[in-house]
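Novice:
Residue numbers (the working numbering): 10 to 949.
1. Based on the DSSP output, what are the partners of residue 789 in its beta bridges?
2. Please confirm whether residue 681 and residue 824 have their CB atoms less than 9 Å apart.
3. Use the C-beta contact count for residue 677: other C-beta atoms within 10 angstroms, 16 or more gives buried, fewer gives exposed.
4. How big is the Cα-Cα spacing for residue 766 and residue 812?
5. Do you know offhand how far residue 950's Cα is from residue 697's?
6. Using only CA atoms, which one of 810, 723, 457 lies nearest to residue 796?
7. Which of the three DSSP states, helix, strand or coil, is assigned to residue 75?
8. Can you say whether residue 736 is buried or exposed, counting buried as having 16 or more other CB atoms within 10 angstroms of its CB?
9. Express the C-alpha separation of residue 80 and residue 88 in angstroms, rounding to a whole number.
10. Measure the CB-CB distance between residue 731 and residue 715 and report whether it falls below 9 Å.
11. Give me the residue from 707, 635, 651 with the minimum Cα distance to residue 670.
12. With DSSP as the reference, label residue 156 as helix, strand or coil.
13. Between residue 152 and residue 353, what straight-line distance do the alpha-carbon atoms span, to the nearest angstrom?
14. Inspect the CB distances between the segment 403-422 and the segment 386-393 and report whether three or more fall short of 8 Å.
15. Identify the continuous alpha helix (DSSP H) that holds residue 528 and give its terminal residues.
16. Would you list, in sequence order, the uninterrupted alpha helix (DSSP H) runs of no fewer than 4 residues that lie entirely inside the segment 794-881?
17. Just list the residues that DSSP pairs residue 183 with in beta bridges.
18. Could you say if the segment 66-79 and the segment 258-272 meet the contact criterion of at least three C-beta pairs nearer than 8 Å?
19. Within the segment 204-250, note down every full beta strand (DSSP E) run reaching 3 residues or more, in order along the chain.
20. Taking Cβ positions, are residue 683 and residue 862 nearer each other than 9 Å?
21. Taking DSSP as the reference, what is the three-state secondary structure of residue 781?
22. What is the rounded straight-line gap between the Cα of residue 649 and the Cα of residue 776?
23. Count the other C-beta atoms from every protein chain shown that fall within 10 angstroms of the C-beta of residue 782, then say buried if there are 16 or more, exposed otherwise.
24. Would you decide whether residue 936 is buried or exposed? Buried here means 16 or more other CB atoms lie within 10 Å of its CB.
25. DSSP state of residue 704, grouped into three classes?
26. Looking only at its chain, what residues have a beta carbon closer than 6 Å to the beta carbon of residue 834, apart from the 5 residues adjacent to it on each side?
27. Quick check: the segment 356-366 against the segment 319-335, are there 3 or more CB pairs under 8 Å?
28. Just to check my reading of the structure: residue 925 and residue 897 have Cβ atoms closer than 8 Å, yes? What is that Cβ distance to the nearest angstrom?
29. Residue 554 to residue 595, Cα distance in whole Å?
30. Buried or exposed: residue 246, going by 16 or more other Cβ atoms within 10 Å of its Cβ?
31. Could you check how far apart the C-beta atoms of residue 500 and residue 514 are, in whole angstroms? I think they sit under 8 Å.
32. Decide if residue 740 is buried, meaning its Cβ has at least 16 other Cβ atoms within 10 Å, or exposed.
33. Please name the residue or residues paired with residue 346 in a DSSP beta bridge.
34. Drop a sphere of 10 angstroms on the beta-carbon of residue 525, count the other beta-carbons inside from all chains shown, and report buried for 16 or more, exposed for fewer.
35. Might you give, ordered along the chain, the residues of its own chain that have their beta carbon closer than 6 Å to the beta carbon of residue 58, omitting 5 neighbours on each side?
36. Let me check one thing: in DSSP terms, what residues is residue 309 bridge-paired to?
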């Protein structure tokens, strides 16, 4: 008889699991981690959880020692049944939105290149879709992952990502972990246990009383001394107790005092080995089938196991029944061991060479069934090298998928195994480059050595160029700008100037050196040559190179028409959101357009980038495109939208990405200053505290520090920072354009407050002269406004009237509003009360509509001086919504579901739900259906 001992003394654990399942029914997500030594009963508890959730959709997976060497195999197992059962409309619904990023795991399509996190996010949204109530959804969900210590890192990263975002999901996530032996993923398991909402269960060994109960069930009338001997031997481990009973019964040992000596001669390992003794008593076919199941990782179809064991299906059926009767396999399909330790013992007993041969045969069977390369590769990793080109190809394909999924360590393992096959010729060259790229991604110092070896066997010039391009990428990732430029220069030497690859390499060259002070002079001759060719009518074809050219045109004062011509060509075929740069060329285009006051075109270009990034599922590209959209929105006075656009950069920074801290700090600081929030501006400027001094980010942050210091009435600090920023921009980067960084006006105002009138007037005059020479309205108006603050009343009035008139047709609403506020102030001080009142009322209304609180405060103070008390901005309704709340409200009112809004903003459904709750309260509405009318009526 089968003795079920695993749920004795597990009342508290079962109650916790039942509670998690009940919470899922109430749409409350929960995480339960069940951990303990092998045999303590984790798997039985997980099975019990499954039994208590018959009304929930339950998906389960088990890690094994083979699959952990590849990426996302455990996750594929977890969702495989749901994906396989979905067809047509159900499949489309299941993989709707960002869940489509995970579809290649299940349909075999090539993985789309992204930022390495796309599959992880895709799996999260697949989970959300499965747990939903719409098409493809099944309502509350139970996910069970056993032996997570053997899961692959990619799958565990997904589990951790999901576990941190369970709030509001109708989901119970139950994870079983065997303690010890999980060094490769111990950091992820520690993070999982460490989540604040995680409930960690650690089942205790069975008490002597419970062990006695089990023995009495399996071996009747056991003597007390016999029971005590069994307790000492097993330590109360349920599996060992169970196997001990099987072993003693098989040897016809009675539970008497005389048998105590037999038990005491045993050791725990001998109890496990008893499984092998039990197996040896069965037929040869049963033994072969058991080995086949073990080779396939402990879970496989009967037909596939039969093929590996080289037996007919009918014979395999009989063998499987015999193994089930011997408590080696569970009943039915898929074939699986009654406990992982049994499979471990059988697998370990297979001789080394026979085991390797079995894995090669398993790989052949899987390949014949068109199984994904990563599954086949898990077996090939355990074979002996035989110089097989097919093995090399399969491992390379699997490695490519692993890299595209953001798992370079898995790719390295696969490629090193491929290298052991000792491929020659082109295969060796390709393998070395792929290995170099993977090692560079993982931060391994051996990447450069691989490229050097590849260069030594490159042969054809095209191969040499590819190897040099790889070296350039590796050097750039390591922060070695000189090495990057040297490699690209060598590559360009091998390329025909008319080769399209030459333009692509030149774009990379400029990207590496243009905004890095020590490298700029080295790249400048090629930039100059590019500009000269363009002036001669020879524009490049490469979009990224056109983007560089457009910014150079803008910064050197070329006509706006020429800038627009270059940006239009750059954006003609693509919004410049490519996987390699995540949108850096787009940033050049947006900055170029903003410099020449083509603000609508800049916003449109950035919006295209945002949409493209959303479609690709790249959170990095999305955050960068959103940030760059904030630039024209800032100048256009859409401060709330601009602040919302910057938010993804802050989220990215929380995840450890700091590549744009300087620019984020600058724009965030300026936005908060315009919002009259000095404390937020102070926090924002600190984002740029650690930017490298050789980067253009450094003077950009200095400029923002100058603006903040001036707002805090620290003119000495403001003057020093502004002048320093201007010197660095000009000397190190050859940039002096007020449409990018307007450092002269803030320096002039700071000098004026310090009483340095001559210096102030000189700086203001230079600013105006420079702006007029460029002919761009916004910088001219800014300079005129600065001159007006330093000049006598009459000259100031003339300057401000010119500024207002100049900006009347412009979309630069923020500068226009500032000019109006200052014009009204000058008119009031000149005694022209009627004109001042008209101007200031207009300025106040405009500032209020833009949420430009600092300008609104200044206008209100001037109106107070005229004896007028304007109405303050509303504290409730639409005006009270934060930028992010307004964005969520707008998306929700357009008809998007919470899930769709969350995917559009790269947040969780719970975050959207929280924002909407605040929106409803501020708008004094109760339902989503009221949103459109409420938003429209309160903004109309």
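From the three backbone atoms N, C-alpha and C, an ideal C-beta is built for every residue, glycine too.
Specialist: Inspection of the coordinates gives the following:
1. Per DSSP, none; premise fails for residue 789.
2. no
3. buried
4. 22 Å
5. Within the shown structure, residues of the chain are numbered from 10 to 949, placing residue 950 beyond reach of any answer.
6. 810
7. coil
8. exposed
9. 14 Å
10. yes
11. 707
12. coil
13. 25 Å
14. yes
15. 526-544
16. 802-816, 822-838, 842-859, 862-874
17. 41, 153
18. no
19. 207-210
20. yes
21. helix
22. 29 Å
23. exposed
24. exposed
25. strand
26. 871
27. no
28. 6 Å
29. 11 Å
30. buried
31. 5 Å
32. exposed
33. 338
34. buried
35. 26, 183
36. 344
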